[in-house]
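Reviewing the structure listed below.
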Amino acid sequence: MDRLDELQVFLAIVDEGSLAGAARKLQRSAPAVTRTLARLEEQIGVRLVERTTRRLAPTDAGRRLADHARRLLGDFEEAMRDVAGDMAMPRGTLRVTAPLMFGRMHVLPCVTGFLDEHPAVEVDLLLSDRNLDLIDEGLDVAVRIGTLAESGLIARRIGQVRRVLVASPAYLERRGTPRDPAELAGHDIIHFASRPQPREWRFRTPEGERTVRISPRLTVSQGDAALWAAREGRGITAALSYQVAEDVASGRLVRLLRSFDPAVRPVHLVFPSARLMPPRVRAFLDYATRRLSVLPVLNEEV
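Counting from 1, one number per residue, gives the positions in the sequence shown under UniProt numbering.
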């Protein structure tokens, strides 16, 4: 039995005026209440109550202990209520990570909208095309594009995207439009590679997946740079559908080889655990799910 519980039992004895009354109030056995009183008196080394024919009355030492106990238990209960109320309100620092381009285009506006609604929350947004480890990096939520590895993380699917090929109308007018992946060998290729990876593109055909080796004329480490070069008529590049949605809609870029598009890639919000989740994390997950899952670029039949 902890010390706060012992004090609670002692106050019940003082308030009820009997061991039996305290036992009824606390829904405990009378022998258990008697043992608690005896243990308290032994620890302190003084008698805390006087037994009369009708009731128990506190001694001077007992009255002083009862006064201290009321204040201590009152402070404890107030502290618990304060913390519970504080924890119910989203507050503190939230750490979120997302892919660089998707983060700039869609997660950052989502974060700023969330901050507007929750003034007691601060957000650290880490934009990186590396899949940062949530546990090692102390992150609360990640946006992941692609098939999830077995990691023990919990995921909420919010949509899908697809890898597509694009080029500018000017380039296609000058060099022609490829009708089959094999024709890419005769075109200028702009390759985006943020890290070392095979120089190949995969396509879906009625016969199954086909891999085509590419020989880029231009290789860049940023997706924005590859798309800029494509808009300037420098060649054909691969991008995720959300990255080129506005360019395709406006006519600045043209989708190519659509009948050979590979399978869609899921988009998820992932987080370490739903158990004892801080309110700021739960609030952000709910907000981000509502806001991101309705984005046309994550919902269209890409």
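We treat Cβ as the ideally placed atom computed from N, Cα and C, and that holds for glycine.
Please read these numbers as outputs of a predicted model, since none were measured by experiment.
Can you tell me whether residue i is helix, strand or coil according to DSSP?
i, result
"threonine 237", "strand"
"glycine 113", "helix"
"valine 46", "coil"
"aspartate 129", "coil"
"aspartate 188", "coil"
"valine 294", "coil"
"isoleucine 135", "helix"
"leucine 11", "helix"
"glycine 21", "helix"
If I measure Cβ to Cβ from residue i and keep anything under 7 angstroms in the same chain, skipping five residues before and after, which residues do I get?
i, result
"tryptophan 201", "Val212, Ile214 and Ala238"
"cysteine 110", "Ala288, Arg291 and Leu292"
"glutamate 41", "Arg47 and Leu48"
"glycine 223", "Met101, Phe192, Ala239 and Gln243"
"serine 128", "Thr97 and Leu100"
Using C-beta distances below 6 angstroms, list every residue in its chain close to residue i, excluding the 5 sequence neighbours before and after it, in chain order.
i, result
"methionine 277", "none"
"arginine 252", "Arg231"
"aspartate 261", "Arg162"
"glutamate 209", "Arg202"
"arginine 157", "Pro266 and His268"
"arginine 280", "Pro90, Gly92, Leu94 and Val121"
"serine 241", "Val161, Arg162, Val164 and Val302"
I want to check one thing, is the minimum distance from the CB of residue i to the heavy atoms of the ligand MG below 7 angstroms?
i, result
"arginine 3", "For the ligand MG, the structure offers nothing, since it holds no ligand at all."
Which same chain residues, not among the five before or five after residue i, have their C-beta less than 8 angstroms away from its C-beta?
i, result
"alanine 61", "Ile44, Val46, Arg47 and Leu48"
"leucine 19", "Ile13, Ala30, Val33, Thr34, Leu37 and Leu56"
What are the start and end residues of the beta strand (DSSP E) that includes residue i?
i, result
"phenylalanine 260", "First-last for phenylalanine 260: undefined, no H or E at that position."
"proline 266", "265–271"
"leucine 218", "218–220"
Are residue i and residue j closer than 8 angstroms when you measure CB to CB?
i, j, result
"leucine 269", "valine 161", "no"
"valine 33", "valine 9", "yes"
"leucine 7", "leucine 72", "yes"
"phenylalanine 271", "valine 141", "yes"
Report the rounded CA-to-CA distance for residue i versus residue j, giving the unit in angstroms.
i, j, result
"valine 121", "threonine 93", "6 angstroms"
"arginine 179", "arginine 204", "14 angstroms"
"leucine 125", "leucine 108", "8 angstroms"
"threonine 112", "leucine 295", "16 angstroms"
"residue 304", "histidine 68", "Because the chain is modelled from 1 through 302, residue 304 falls outside the range shown and cannot be assessed."
"phenylalanine 114", "glycine 159", "20 angstroms"
What span of residues does the alpha helix (DSSP H) with residue i cover, start to end?
i, result
"glycine 223", "223–231"
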